[in-house]
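First comes the structure, then the notes that go with it.
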Amino acid sequence: MTTETTTEAENGTEREQSRQPILEARDVEKGFGNGNVLEGLDLTVEAGELLTVMGPNGVGKSVFLSCLAGSTDPAVGSIELFDGRSPTEAQSMTSVMLQGRSIDPDLTGRENLQFYGDLHPRATEDWREIATRLELEDDLDRPAREYSGGMARKLELTIALSVDAELYLLDEPTAELDLTTIQTVHDLLFEYRRAGKTILLTSHAPLDARIADRIAFVRDGRLVATAPPQTLLDDLPPVVRIRGDVPPESAFLGARVFQRGDEIRGFLRGADELETVRETVERDRDHDRGRERKRATVELDSPSYTDLFNYYTAVQTARDDSEGS
Amino acid sequence: MGKVFILVNCPSERSNSAGDRRPRRDLKARWDDMTETRRSVPWTRQTRAFTRRHVQQLRRNKLLVVLAVGWPVLWYFLTMAFFIEDVPAGDLQYVKAANGISYGLFGAFTVTVAVFAGEFARDLESDRYRKLRAMPVSPTADLTGRFVAGMALGAISYLVTILAAVAHGGRFDLLAMDATAVAALVAVLVATFVLFCVIAMALAMLLALVITKPEHMTTIAVVVVLMAFYLTGFNGVTPGMIADDPTFINYVPNSLATRMQLAAWAGADDVAFMTPPAVPLSFEYGGLLVGYTVGLAAVAVGIMRRFAYGGDP
């Protein structure tokens, strides 16, 4: 009985702790001469969470990560980690991978690992296992300048993940990796999360959305949406798929459509607009009478992670702009 | 079937040491504990890491190795062949020794500037400091590590040139001195050499800030050092080649250090060829050199803190 009570209490504590913020960023602004990259970004990360920050290239994801890591000072706003510590004060408990910024091309992979390992107070010998899993061990004695982009990424990941940190800040860790290696990286991140570690990664790859406990979409230097992946998928407007024709963009939400293979995808305000789109496509085809064309199909489809990315990075912007104007 | 790997020291097991798999009871207490312990790697270990990194880089840089060993020796022999004439037979061995020291320091200066400027500019340009700033790293450990590596290569350059001068018949009266005199001389030589390298380091860092193309840095460093060498009459060894009043060579850092070292080694009475002005062997000149060193070292630390570890502008 006592054991049960204790277990319940422990579970309760664990649930409570899992809601404990490990990182809180408020109104973070940062610019580099040509205007602000970050325009008042707010984000809270909870302990033990795997959060994927998504957004297209150039929206400030890497700059934001640099601010969280203490590498770049925000112009405005506050960042607190580990219950009130500044990014600099928290550096011994964080491990950072900044894409393409750490590898010294004049050293071998092994020498790079040794150099960064010697500088972090919580570095471990885990790099051997991680390098093996990422199939990098045979190349560790080659100069890093001979590495491909994917190999450099693996080395940066090995450096970052071989630190026994509480919080991992990973800037596009799966960029330039092949699908098999991406799966290995995801498996590694799952293991770290199961071990109670907190992971914040940036990405613009829909594959990285799948593994997240929560996704945060950044656009124009601001957070525009954040929720668990399934919640975001459930909240998406209806997705329409058209095969055999290219409909006018104006028929869709935000006046945007996206090509995926042999199909065109777009968003509708409501499912009842499907007929309107069908009629538009047919009307369009009537204009083209006389030309031999395949029959077009217009149907609703389940949203994918690519749809999710497209909606929050492209459609919502255009929608906001048009509705605003 | 593909291999299945298990992370041997998975953080879950590592963070709950001694097999303790209970849920973490108090994250805040844990964080407090973590920030109190192992805040950063000790400064000396950081310095060693930077030194080793730069030695590893230098080992692969064939141009720098050639520059360190071949460059000053080449200049020594060119000078002896084409610029030295009408020297009394008894003085020739001292002239060779003087040129050995002069070009030894010249080589050390070139190498230190080239190593420092090139590597520092490369790290700045590739934005490697963005990663280093995200770690608990001491800027002075970085600076010291670079300095030790650059100075080690500079010392090789210096010693190789001295050895070339000895092989060529230069006379260094070290063996004729008693132990106390040798100790005093070595102290002066080491001190002036280290100060000389600090001066070179600060100059290199200023160069790296102005010239942001690391690939041109070695060439530019060599040109700058050559200019300093010639404008000060072969680092102050041949003041006769300066048309105007050469007094300034006792106040410019590179010529001051070289003249001080030569005078200490040969004795003030045996270096008439580099006077006037009088040899700078007083405490005032020593103080001036230390002043330069402290000032320029402060500049170097300031540059490292501001431009490398100070965050993005």
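The listed protein sequences correspond, in order, to chains A and B. In terms of this note's numbering, the first sequence has 97 at position 97, counting the first letter as 1, and numbering is strictly consecutive. If you count the second sequence from 1, you need to add 1000 to reach this note's numbering. By construction, the Cβ of each residue, glycine as well, lies at the ideal position given by its N, Cα and C atoms.
Against chain A, does B:Asp1127 count as a neighbour if the rule is that its beta carbon must be under 8 Å from one of theirs?
yes
I'd like to know whether the C-beta atoms of B:Ala1204 and B:Phe1116 end up nearer to each other than 8 Å.
yes
Pick helix, strand or coil for B:Gln1261, following the three-state DSSP scheme.
helix
Where do the N-terminal and C-terminal ends of the alpha helix (DSSP H) with A:Phe252 fall, by residue?
Premise fails: A:Phe252 is in no alpha helix (DSSP H) and is neither H nor E.
Does DSSP put A:Leu300 in a helix, in a strand, or in coil?
strand
May I ask you to list the residues that DSSP assigns as paired with A:Gly266?
A:Val240 and A:Val257
Please check if any C-beta of chain A sits within less than 8 Å of the C-beta of B:Gly1145.
no
Count the other C-beta atoms from every protein chain shown that fall within 10 angstroms of the C-beta of B:Asn1254, then say buried if there are 16 or more, exposed otherwise.
buried
Inter-residue spacing [alpha-carbon to alpha-carbon] between B:Arg1021 and A:Thr313
Low confidence applies here, because B:Arg1021 scores a pLDDT of 37, under 50, leaving its location unreliable and the question unanswered by this model.
Is the stretch 1159 to 1171 of chain B touching the stretch 90 to 100 of chain A in the sense that three or more CB pairs, one from each, lie closer than 8 Å?
no
Do A:Thr88 and A:Lys30 come within 8 Å of each other at the CB atom, strictly closer than that value?
no
Reduced DSSP category for A:Tyr312 - H, G, I as helix; E, B as strand; rest coil:
helix
Would you call the stretch 198 to 212 of chain A and the stretch 243 to 262 of chain A in contact, with 3 or more CB pairs under 8 Å?
no
Between which two residues does the alpha helix (DSSP H) containing B:Asp1091 stretch?
Ala1089 to Glu1125
Would you call B:Trp1323 buried or exposed, if buried means 16 or more other Cβ atoms sit within 10 Å of its Cβ?
There is no way to answer for residue 1323 of chain B, as the model of chain B reaches only from 1001 to 1313.
Would you list, in sequence order, the uninterrupted beta strand (DSSP E) runs of no fewer than 3 residues that lie entirely inside the stretch 72 to 127 of chain A?
76 to 81 and 94 to 97
Less than 8 Å between CB atoms is the rule here; does A:Pro238 satisfy it with respect to chain B?
no
So what's A:Ser66 in DSSP terms, helix, strand or just coil?
helix
Along the beta strand (DSSP E) that carries A:Leu333, what are the first and last residues, could you check?
Nothing in the structure corresponds to residue 333 of chain A, since chain A is present only between 1 and 325.
Quick check: what's the CA-CA separation for A:Thr124 versus B:Arg1305?
28 Å
Using a Cβ-Cβ cutoff of less than 6 Å, which residues in the same chain neighbour B:Ile1303 once the five nearest sequence positions on both sides are dropped?
Met1205
Between the stretch 1280 to 1289 of chain B and the stretch 1106 to 1120 of chain B, can you find at least three pairs of beta-carbon atoms closer than 8 Å?
no
Say whether the stretch 1123 to 1138 of chain B touches the stretch 1189 to 1205 of chain B, bearing in mind that this needs 3 or more beta-carbon pairs closer than 8 Å, one atom from each stretch.
no
Please tell me whether A:Arg101 has its Cβ less than 8 Å away from any Cβ of chain B.
yes
Is the shortest distance between the beta-carbon of B:Pro1139 and the beta-carbons of chain A less than 8 Å?
no
Would you verify that the beta carbon of B:Gly1118 is, or is not, closer than 8 Å to some beta carbon of chain A?
no
Just checking my contact of B:Leu1143 with B:Ala1300 at CB under 8 Å: how many whole Å lie between their CB atoms?
6 Å
Would the beta-carbon of B:Gln1250 fall within 8 Å of that of B:Pro1214?
For the record, residue 1250 of chain B in the displayed sequence is Asn; it is not Gln. Not closer than 8 Å, so no.
Say whether chain A places a C-beta atom closer than 8 Å to the C-beta of B:Arg1021.
In this prediction, B:Arg1021 scores a pLDDT of 37, lower than 50, which makes its location untrustworthy; the coordinate-derived value is nonetheless stated afterwards. Judged by the 8 Å Cβ criterion, B:Arg1021 is not in contact with chain A.
Give, in chain order, every unbroken run of the beta strand (DSSP E) that is at least 3 residues long and sits entirely within the stretch 165 to 221 of chain A.
167 to 171, 198 to 203 and 214 to 219
Using only CA atoms, which one of A:Leu300, A:Leu68, A:Phe217 and A:Arg222 lies nearest to A:Gly242?
One detail in the question is off: residue 242 of chain A reads as Ile in this sequence, not Gly. Minimum Cα distance to A:Ile242 is reached at A:Leu300.
Between the Cα of A:Leu50 and those of A:Gly60, A:Gly261, A:Glu191 and A:Asp106, spot the shortest distance and give me the residue it belongs to.
A:Glu191
Is A:His120 close to chain B? Criterion is C-beta to C-beta, closer than 8 Å.
yes
Note down, in chain order, each residue of its chain lying with its Cβ closer than 7 Å to the Cβ of B:Leu1063, except the 5 sequence neighbours on either side.
Thr1218
List, in order along the chain, the chain B residues whose C-beta lies closer than 9 Å to that of A:Phe190?
Correct list: empty, because the minimum Cβ distance to chain B is about 11 Å.
Quick check: A:Gly109 and A:Leu140, are their CB atoms within less than 8 Å of each other?
yes
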